[in-house]
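Novice:
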Amino acid sequence: MADTDKLTTIVSTKGQVILPSAIRRSRDWKAGTRLTVEETSEGVLLKPAPAFAATRPEEVFGVLNYRGKPKTLEEMDASVLAEARRRHDRD
Numbered sequence: 001m002a003d004t005d006k007l008t009t010i011v012s013t014k015g016q017v018i019l020p021s022a023i024r025r026s027r028d029w030k031a032g033t034r035l036t037v038e039e040t041s042e043g044v045l046l047k048p049a050p051a052f053a054a055t056r057p058e059e060v061f062g063v064l065n066y067r068g069k070p071k072t073l074e075e076m077d078a079s080v081l082a083e084a085r086r087r088h089d090r091d
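Taking full-length UniProt numbering, the leading residue of the sequence shown gets 1, the next gets one more, and so forth.
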């Protein structure tokens, strides 16, 4: 969609706004998509809401209790690859 193509919509009595289908399709926003709304100096900005709340490492450190020798990055990569192959082979 070119910058010169201006799309308009109307705010309903309930405060609802229908986004034009061209915008929804280009963003792949289907019914039920959660959006964050930010007021900016340019207007209103809509962005997909994150699936999970933001966390800091210290908030989740140690959540998965593991007792054993720490795995190396190479071991973790090999395990992820093995699981991906296992899932691919079963389809």
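Even glycine gets a Cβ: it sits at the ideal position worked out from N, Cα and C. It should be emphasised that the depicted structure is a prediction, and the values quoted were computed from it without experimental measurement.
For Pro48, which three-state DSSP category applies?
Specialist: strand
Novice: Could you check what DSSP says for Val11 in three-state terms: helix, strand or coil?
Specialist: Here Val11 sits in strand by DSSP.
Novice: Can you give me the C-alpha to C-alpha distance between Asn65 and Glu83, rounded to a whole angstrom?
Specialist: Their backbone Cα atoms lie some 21 Å apart in a straight line.
Novice: Measure from the alpha carbon of Phe52 to the alpha carbon of each residue in Thr36, Ile18, Glu74, Lys71, then state which is nearest.
Specialist: Thr36
Novice: Put Val80 into one of helix, strand or coil per three-state DSSP.
Specialist: Helix at Val80.
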